[in-house]
Amino acid sequence: MTSNKEVRVEQIKLHARVAVRDLEDGRRWDISLCAINLRGGKVKFHRVETLGLSRNDIQVGDRVKFIDMFNRGQSDRTIRLNQKTSTIEEANVSWQVSYLLLHKVTDAGGP
């Protein structure tokens, strides 16, 4: 942006920098998070539902499930947590599965 003016934008992604789209002209901007002045402005935050889990949602030993490449449901315990994947071992077969494809299994605790 070449001027310091108020604009309405849609947040596209957020990390240390924010990707936004101007709602009036559709232009996209990549802005440092600390450069955004929110004082006095109307700000609406919408929670975006994510698929699957994140690395912080599970621990080694947790029971998880996922759909394998043959479209079969698999579930067993997590044996290793990597940066982007979790290693799941089931019946002596190790699977490296993205966190986005995992779901926690909770025991019903029946009789």
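Numbering-wise (my numbering), the sequence shown opens with residue -14 and increments by one.
From the three backbone atoms N, C-alpha and C, an ideal C-beta is built for every residue, glycine too.
Since Asp42 sits in a beta bridge, which residues does DSSP pair it with? Within the sequence shown, numbered from 1, the residue matching residue 42 stands at position 57. None; Asp42 has no bridge partner.
Rank Ile64, Asp7 and Val45 by C-alpha distance to the C-alpha of Val78 and give the top, closest one. Residue 78 sits at position 93 when you count from the first residue of the sequence shown. Nearest C-alpha to Val78: Ile64.
Per DSSP, cross-strand counterpart(s) of Ile64: Position 79 of the sequence shown, counted from the start, is the residue given in the question as residue 64. The partner list for Ile64 (beta bridge, DSSP) is empty, contrary to what the question assumes.
Between Tyr84 and the rest of its own chain, which residues show a CB-CB distance below 8 angstroms, the 5 nearest in sequence each way excluded? Residue 84 sits at position 99 when you count from the first residue of the sequence shown. If we look at Tyr84 and ignore the five residues flanking it on each side, its Cβ neighbours are Gly37, Leu38, Ser39, Arg40, Asp42, Ile43, Lys69, Thr70 and Ser71.
Classify Ala4 as helix, strand or coil using the three-state DSSP reduction. In the sequence shown, the residue the question calls residue 4 occupies position 19. Strand, per DSSP.
Going by alpha carbons, who is nearest to Arg123 out of Phe55, Leu66, Asp7 and Leu18? For residue 123 there is no data in the structure shown, the boundaries of the chain being -14 and 96.
Boundaries of the beta strand (DSSP E) in which Asp47 is found, first to last residue: If you number the sequence shown from 1, residue 47 lands on position 62. First-last for Asp47: undefined, no H or E at that position.
So Arg9 is in the beta strand (DSSP E); what residue range does that whole segment cover? Counted from its first residue, the sequence shown places residue 9 at position 24. According to the sequence shown, residue 9 is Glu rather than Arg. First-last for Glu9: undefined, no H or E at that position.
Given a threshold of 16 other Cβ atoms within 10 Å of its Cβ, counted over all protein chains shown, does Leu87 qualify as buried or as exposed? Against the sequence shown, residue 87 aligns to sequence position 102. Leu87 comes out buried.
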